[in-house]
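In this text, residue positions in the sequence shown follow the working numbering: the first is 8, and each later residue adds one. Written below as structure tokens is the structure these notes are about.
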Amino acid sequence: MRFEGSYLGDASRLPAQARLECKICWWVYDPAEGDAQWQVPPGTPFTELPAHWRCPQCDGDREQFMVLGDTA
Numbered sequence: 008m009r010f011e012g013s014y015l016g017d018a019s020r021l022p023a024q025a026r027l028e029c030k031i032c033w034w035v036y037d038p039a040e041g042d043a044q045w046q047v048p049p050g051t052p053f054t055e056l057p058a059h060w061r062c063p064q065c066d067g068d069r070e071q072f073m074v075l076g077d078t079a
């Protein structure tokens, strides 16, 4: 099953400003804010997060993240 907001691991489909939400705990990665827990600086697109990056709230895998529809 495919979810409408899922990027399905295809990073080429994500704009740099895309905000993504963990489908497990609903934590939102906002590139404008970065991720202090993982020491990711503000301005870092989701596609440029380190390969080992996981959700800072629930430790979910990056493929568990869904694109929020409010970027359009």
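In this text, a Cβ means the ideal position worked out from N, Cα and C, and glycines have one as well. Note that the structure is a prediction, hence the values are computed from the model and not measured.
Return yes when the Cβ of residue j is within less than 9 Å of the Cβ of residue i, no when it is not.
| i | j | result |
| --- | --- | --- |
| Met73 | Glu40 | no |
| Leu63 | Trp33 | Looking at the sequence itself, residue 63 is Pro, so the reference to Leu does not match. No; because the gap between Cβ atoms is not below 9 Å, this pair is not in contact. |
| Gln24 | Pro52 | yes |
| Lys30 | Gly76 | no |
| Asp37 | Trp60 | no |
At which residues does the beta strand (DSSP E) containing residue i begin and terminate?
| i | result |
| --- | --- |
| Cys32 | Cys32 -> no beta strand (DSSP E), and no H or E assigned at all. |
| Tyr74 | According to the sequence displayed, residue 74 carries Val and not Tyr. Looking at the DSSP string, the run of the beta strand (DSSP E) that includes Val74 is Phe72 to Val74. |
Is DSSP giving residue i helix, strand or coil here?
| i | result |
| --- | --- |
| Thr78 | Because Thr78 carries a pLDDT of 45, less than 50, the predicted location of this residue cannot be relied on, and the following value inherits that uncertainty. Helix. |
| Phe10 | Low confidence applies to Phe10: its pLDDT is 46, below 50, so where it sits in the model is not reliable, and the reading given next is rough at best. Of the three classes helix, strand and coil, the one that applies to Phe10 here is coil, per DSSP. |
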